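Worksheet: the structure to be examined is printed underneath.
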Amino acid sequence: MTLFSKDKGNAFALIPLFVFIFTFLGAGIILNDFYAFPSPVAVLVGIIAAFLLFKSSTEDKVATLIAGCGESKIITMCLIYLLAGAFAVVSKAMGGVDAVVNLGINTIDVAYFPLGIFLISSFLSTATGTSVGAIVAIGPIAVALADKSGASLPLIAGALLGGSMLGDNLSMISDTTIAATQSLGCDLKDKFKINLFIAFPAAVLTILVFFYLGLNSDIITVAIAKNNFSWIAIVPYILVIVLAVVGVNVFSTLLIGTLLAGIIGYFSGLFTLMEFTQKIYEGFTSMTDIFLLSMLTGGLAAMVDKAGGITYLLVQIKKRIKNKKSAQAGIGAIVGFANLAIANNTVSIVITGPIAKEINDEYNLNPKKTAAILDIFSCVIQGILPYGAQILLILSYANGSLNFFDLISNAWYHLFLLIFTLVAIYSSFWDKWTKRFFKI
59 MTLFSKDKGN AFALIPLFVF IFTFLGAGII LNDFYAFPSP VAVLVGIIAA FLLFKSSTED
119 KVATLIAGCG ESKIITMCLI YLLAGAFAVV SKAMGGVDAV VNLGINTIDV AYFPLGIFLI
179 SSFLSTATGT SVGAIVAIGP IAVALADKSG ASLPLIAGAL LGGSMLGDNL SMISDTTIAA
239 TQSLGCDLKD KFKINLFIAF PAAVLTILVF FYLGLNSDII TVAIAKNNFS WIAIVPYILV
299 IVLAVVGVNV FSTLLIGTLL AGIIGYFSGL FTLMEFTQKI YEGFTSMTDI FLLSMLTGGL
359 AAMVDKAGGI TYLLVQIKKR IKNKKSAQAG IGAIVGFANL AIANNTVSIV ITGPIAKEIN
419 DEYNLNPKKT AAILDIFSCV IQGILPYGAQ ILLILSYANG SLNFFDLISN AWYHLFLLIF
479 TLVAIYSSFW DKWTKRFFKI
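Using the numbering used here, read the sequence shown as starting at 59 and increasing by one per residue.
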């Protein structure tokens, strides 16, 4: 007997999730500012609704909430946020951001800044396994490039968002990749090959779009002085990429990068040892909103899941599965809806992974392809959520100079990735070519 026949779920249990979403989005619409109402407070409203609506004892609900907030994947992401924040702030304090900005201004034509940001963020997020870390490291640089050059901020921000999600999806050290492959029981390298065959053409098409826009750019740029910069200030960024490429854990990578940036800043006379520790803490506090959002959504999701809300949603999707193609599309829809509800792609995969595994086995699907679909759909949805960590970060760096709709309308990679994923699902030709090239 399958999981679905044992428990059909409870539609009523989804209400707290909708309370959270509509509180956040509703406040944004009314106030004409999606971020005027703090997202962690919106999650808290949803948690309060769960406490009021669910029938179990208060002690049981508190225990479920705490277990969800403290789930290992949630805590892992929160710790990555802290270390990424420390790395970004310390690197900026020792001149890393200014050095990379000046390097970009000195070597890249203004019209091609979006293309450069897309390539750099793709490489960095693939190397570190985290889109958030890539955005933290490059976000201030991207905004500064747009500000100093006169280039399009929405286009540069869209390039940063797309590149960071490309790496998050493809990286073999990404939490989403690990969660997807563990759920489906396949090897990381095999999932990477399948995933690459979908993401690579989307990335190439995105590069061509940015190149075309740069080639036909008619922007009037301001005069920019060629400034000197210290190459040593860029070393921490390069080291972080190299360490991640050779397989060093993301925690160790960010910690080593932060320490190196601190050493460079200390011996360059840019800050004292005490100021270095203060910069680390400043980096921690800069991640407070995202830290709380991730932790509290994990707790809310656990409460809703225990009450049967997630199961109900998944059962309804499974009813619409008729064949292998619709099964693959259904898996994408499952993780997409889950991610829409909890705004965390890793947690969405963790929650829906067992369901995806059951569908995969029942319809005799390719587990490597299923893992890739699971990862891709979670990343696509995560990358377009106005209350997702990635978009919140980019908009916070823009400091009011960019709105959500301008950002999303320039996120070309997300659109192309979705299109090529649908082609991979519904085209038999795609399966034949992957078998021919990869023998899997």
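Glycine residues also receive a C-beta, built at the ideal position from the N, C-alpha and C atoms. Predicted model, so just to flag it, every value in this text is computed and none were measured.
Check, Outcome
"Whose C-alpha, out of G153, I214, L211, E340, is nearest the C-alpha of F325?", "G153"
"Assign V262 to buried or exposed, taking buried as 16 or more other Cβ atoms, counted over all protein chains shown, within 10 Å of its Cβ.", "exposed"
"Give me the residue from S352, T428, A142 with the minimum Cα distance to A385.", "T428"
"Relative to the C-alpha of V201, which candidate in G367, A215, I314, V306 has its C-alpha closest?", "A215"
"Are the stretch 301-318 and the stretch 140-153 touching, with three or more C-beta to C-beta distances below 8 Å?", "yes"
"Please work out which residues of its chain come closer than 6 Å, Cβ to Cβ, to M223, disregarding the five sequence neighbours upstream and downstream, and give them in chain order.", "S189, C437, G441"
"Measuring CB to CB, does A217 end up less than 9 Å from P172?", "yes"
"Taking 9 Å as the cut-off, decide whether the C-beta atoms of A121 and K249 are in contact.", "no"
"According to the Cβ coordinates, are A142 and A195 closer than 9 Å?", "yes"
"Quick one, which of S486, F474, A469 has its alpha-carbon nearest L219's?", "A469"
"Hey, could you find the ends of the alpha helix (DSSP H) S310 is sitting in?", "308-325"
"Using only CA atoms, which one of T134, N461, A360 lies nearest to G191?", "T134"
"How long is the line joining the alpha carbons of S406 and V481, rounded to whole angstroms?", "23 Å"
"Alpha carbon to alpha carbon, how far is F269 from S180? Give it in angstroms, no decimals.", "16 Å"
"Exposed or buried, what is E420 when buried is set at 16 or more other beta-carbons lying within 10 Å of its beta-carbon?", "exposed"
"Please classify E129: is it buried, with 16 or more other beta-carbons within 10 angstroms of its beta-carbon, or exposed?", "buried"
"Select from L242, S352, G84, L443 the residue whose C-alpha is nearest the C-alpha of G394.", "L443"
"May I ask which residues mark the beginning and end of the alpha helix (DSSP H) holding S467?", "Run containing S467: none; DSSP gives neither H nor E here."
"Would you tell me roughly how many angstroms separate the C-alpha atoms of F478 and S485, rounded to the nearest one?", "10 Å"
"Give me, in chain order, the residues of the same chain whose beta-carbon lies closer than 8 Å to that of Q448; leave out the 5 immediate sequence neighbours on both sides.", "S189, V190, I193, L219, S222, M223, Q440, G441"
"Taking the alpha carbon of T234 as the point to measure from, which residue in L476, N403, F76, F463 has its own alpha carbon closest?", "N403"
"Rank N418, F349, T264 by C-alpha distance to the C-alpha of G243 and give the top, closest one.", "N418"
"Pull up the distance between the alpha-carbon of K383 and that of I88, whole angstroms please.", "40 Å"
"Of the residues N253, F309, L75, which one's Cα is nearest the Cα of G187?", "F309"
"Buried or exposed: S114, going by 16 or more other Cβ atoms within 10 Å of its Cβ?", "exposed"
"Could you check which residue in K380, S454, T355 has the C-alpha nearest to that of I409?", "T355"
"Buried or exposed for K247, please, with buried defined as at least 16 other CB atoms from any protein chain shown within 10 angstroms of its CB.", "exposed"
"Let me check understanding here. Comparing Cα to Cα, which of V300, A401, Q336, N307 lies closest to L350?", "A401"
"What span of residues does the alpha helix (DSSP H) with P212 cover, start to end?", "211-228"
"Measure from the alpha carbon of T311 to the alpha carbon of each residue in F334, S183, L297, then state which is nearest.", "L297"
"In chain order, what residues of the same chain have a beta carbon less than 6 Å from the beta carbon of C127, not counting five sequence neighbours either side?", "M353, G356, G357"
"Tell me the DSSP secondary structure of S459 in three-state form.", "coil"
"Excluding five sequence neighbours on each side, which residues of the same chain lie with their C-beta closer than 6 Å to the C-beta of A399?", "L75"
"Hey, out of P96, F95, K119, A94, whose CA is closest to I105's CA?", "K119"
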